[in-house]
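**Q** The sequence shown runs 57 to 557 under this note's numbering.
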Amino acid sequence: MNKKICFFLQRRFAYLGHAMAYNILKEPGISEVCAYAALRSSFEFLKKQTDVKYSGLILDEDIHAEALKLEKIDFAYLDDLEKKYGLPNLWPYLYLDRVMMNGQLIREYPYNEPTATFEEMLKCLEHTAKTLELFLDAQKPDALVFSVVGSLSPLLLYHMGKKRGIKTICIDLTRIKNGVAFSDDYKTFSWVDSLYTKLERGDTRSKFDKEAKKFIATFRNEPTPYYKELRPDFNNQVTRRANLLFLRPKQLIWALWWHLRQLYLDLNQKNRDYTDILVWWIAWDKLKRKARGLIGYDNYWEEVRQGEDYAFYPLHYETETATLLYAPLYTNQVELIRQSARALPVGMYLYVKEHPRMIGYRSRRFYKHIKKIPNVRLVKPTYYGPTLVKNAKIVITITSTSGWEGVMFGKPVITFGDIYYNKLPNVARCRSFEDLAELIKDKLDYSGHNEKSLENYVAALMEDSVDVDYIDLWAYPDEKKLMDHPGMVKLATALAKKIRS
57 MNKKICFFLQ RRFAYLGHAM AYNILKEPGI SEVCAYAALR SSFEFLKKQT DVKYSGLILD
117 EDIHAEALKL EKIDFAYLDD LEKKYGLPNL WPYLYLDRVM MNGQLIREYP YNEPTATFEE
177 MLKCLEHTAK TLELFLDAQK PDALVFSVVG SLSPLLLYHM GKKRGIKTIC IDLTRIKNGV
237 AFSDDYKTFS WVDSLYTKLE RGDTRSKFDK EAKKFIATFR NEPTPYYKEL RPDFNNQVTR
297 RANLLFLRPK QLIWALWWHL RQLYLDLNQK NRDYTDILVW WIAWDKLKRK ARGLIGYDNY
357 WEEVRQGEDY AFYPLHYETE TATLLYAPLY TNQVELIRQS ARALPVGMYL YVKEHPRMIG
417 YRSRRFYKHI KKIPNVRLVK PTYYGPTLVK NAKIVITITS TSGWEGVMFG KPVITFGDIY
477 YNKLPNVARC RSFEDLAELI KDKLDYSGHN EKSLENYVAA LMEDSVDVDY IDLWAYPDEK
537 KLMDHPGMVK LATALAKKIR S
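This is the structure:
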């Protein structure tokens, strides 16, 4: 039976997803594709190309604009929508949308102002839901494919698909070499979990058993982040000097040309979308970030003390799905650090380290609040994260990669959100601050680490994934050549296999 696939093609993923659609149509049993696009430039690209014929193509920005024209809100419809798709109510859909709720993506963190009124949010929720229902009724896809569920529309589309019995497939990195895995649940790697359960029961044996053991041993000897931008020395903006490098003649000329060109385009743009990033806000936010970097944070950073017992908390990149989707009730990191610090045994410090990609973005006030907590050390961001994890007594995190590194080192780990490695026995998911001190005490007394379970899980990740440099494909500069890229073909073949299964 021939199947139709619907892709959610947001922003840069539109080009990668389009190449995936092009290749998946060559697979047996896949005959049609349709798409929901987000970002007008991506939509225009999809409309103009001639390589793939989409049976249906709609744009998020058009739906948003149409929603704001509604004269009144249909509360009866929203009440019915909440009964069908509530989590348990409809607020999670709105709070996930960082453009509408926080004004971010179009402005840099720490900007935090909604771009819509309460009434406008409800209109967008109503009209998006109605449009999606009509789209699904007309297209009748057999599968929905997402690269990320990161705003109102994909979260609605995901749950509508689930309710209708449509296969939902989410794409994510395994953090094991260049592994890319598929899952029908955005909170975890569902098919990896199924294989892991079979391995734990002894129902089967993985052909990646030896490779998994080797990977774990190699990581422990030479821990390396799965993504180069997570290294503290990548794009380092810690020093004042680093914040002046843009004044080099070549860089300054290029920056001036780019901003002037963008200013011309923005001033001559006839119709604006709610997701448009305007150059004057880009320049203003950059200026403030550079000013923060030049003032510096040196008076807040501390050195690591040799021989000191500590728990490790890595600050998250903000704002992203790692917090908004997987841990929506634990997005206040200052409060989370405060509660974690007071839950530790007396005499143990909480080491907090900034995310490598957030240096310069946070205000000094943010760090000042953290420094007020008695048993917290805000360590220099130049310290290597995996080393801090390796020497920690316990890792406390929302859903970060540092938690996975803690698992790899056999450390006890406390998480505050839905993340794939919660499955491992040395990980405890905290659902209330009232339980935190007891959870930490229990994990420090007995970590629960089981080496065989870790080997089974790594083997399952390796077996149920495809080895493709997804990050490289995401940033690939030539959209035409991307369609025939060997990695793209490999990824599409693996996706088709999951759809047919």
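Cβ atoms here follow ideal geometry from the backbone N, Cα and C, with glycine treated the same way.
Quick check on this structure: which residue in Leu334, Tyr369, Asp259 and Lys60 has the alpha carbon closest to the alpha carbon of tyrosine 405?
**A** The residue with the shortest Cα to Cα distance from tyrosine 405 is Tyr369.
**Q** Quick one: measure Cβ to Cβ for valine 445 and phenylalanine 465, integer angstroms, because I've assumed they're closer than 8 Å.
**A** Contact flag correct, Cβ pair sits at about 6 Å.
**Q** Between the C-alpha atoms of threonine 453 and serine 396, what's the straight-line distance to the nearest angstrom?
**A** For threonine 453 and serine 396, the distance between alpha carbons rounds to 10 Å.
**Q** Quick check: what's the CA-CA separation for aspartate 534 versus tyrosine 366?
**A** C-alpha separation (whole angstroms): 47 Å.
**Q** By the three-class DSSP mapping on this structure, what secondary structure does arginine 220 have?
**A** In the structure shown, arginine 220 sits in a helix (DSSP, three-state: H, G or I).
**Q** Within the chosen definition, does the segment 182-198 reach the segment 154-166 through at least 3 CB pairs nearer than 8 Å?
**A** Touching, no.
**Q** Alpha carbon to alpha carbon, how far is histidine 411 from glutamine 384? Give it in angstroms, no decimals.
**A** At residue 384 the sequence reads proline, which differs from the glutamine that was named. Their backbone Cα atoms lie some 19 Å apart in a straight line.
**Q** Do alanine 539 and alanine 123 have their CB atoms nearer than 7 Å?
**A** According to the sequence provided, residue 539 is methionine. The question's alanine does not apply to it. For methionine 539 and alanine 123, no; Cβs fall outside 7 Å.
**Q** How far does the beta strand (DSSP E) with isoleucine 351 in it extend, from its first residue to its last?
**A** Premise fails: isoleucine 351 lies in the alpha helix (DSSP H), 335-351, not in any beta strand (DSSP E).
**Q** Consult DSSP for tyrosine 405 and reduce its assignment to one of helix, strand or coil.
**A** Three-state result, tyrosine 405: strand.
**Q** Using three-state DSSP, classify valine 50 as helix, strand or coil.
**A** This structure gives no information on residue 50, because the portion of the chain shown stretches from 57 to 557.
**Q** Considering only the beta carbon of each residue, do leucine 211 and valine 205 sit closer than 7 Å?
**A** Their beta carbons are under 7 Å apart, which means leucine 211 touches valine 205 by this criterion.
**Q** Going by alpha carbons, who is nearest to isoleucine 272 out of Tyr532, Leu500, Lys508 and Lys537?
**A** Among Tyr532, Leu500, Lys508 and Lys537, the Cα nearest to that of isoleucine 272 belongs to Lys508.
**Q** By how many angstroms is the C-alpha of glutamate 117 removed from the C-alpha of threonine 331?
**A** Their backbone Cα atoms lie some 7 Å apart in a straight line.
**Q** Can you tell me where the alpha helix (DSSP H) holding leucine 150 begins and where it ends?
**A** Counting along the chain, the alpha helix (DSSP H) containing leucine 150 begins and ends at 147-151.
**Q** Below 7 Å between beta carbons: does that hold for asparagine 58 and serine 87?
**A** Cβ distance < 7 Å, so asparagine 58 and serine 87 count as in contact.
**Q** Can you round the beta-carbon distance between glycine 441 and valine 451 to whole angstroms, since I take them to be within the 8 Å contact cut?
**A** Not really, about 10 Å apart at Cβ, beyond 8 Å.
**Q** Run the CB neighbour count on glutamate 374, radius 10 Å, all protein chains shown included, and call it buried at 16 or more, exposed below.
**A** Glutamate 374 comes out buried.
**Q** Find the nearest neighbour of lysine 467 within the set Ile415, Lys537 and Arg276, judged by alpha-carbon distance.
**A** Taking only the C-alpha atoms, the option nearest lysine 467 is Arg276.
**Q** Quick check: the Cα distance between isoleucine 309 and tyrosine 242, rounded to an integer number of angstroms?
**A** Distance between the alpha carbons of isoleucine 309 and tyrosine 242 is about 43 Å.
**Q** With DSSP collapsed to three states, give me the class of glutamate 358.
**A** Glutamate 358: strand per DSSP, three-state reduction.
**Q** Just how far apart, CA to CA, sit glutamate 278 and tyrosine 513?
**A** The alpha-carbon atoms of glutamate 278 and tyrosine 513 are separated by roughly 20 Å.
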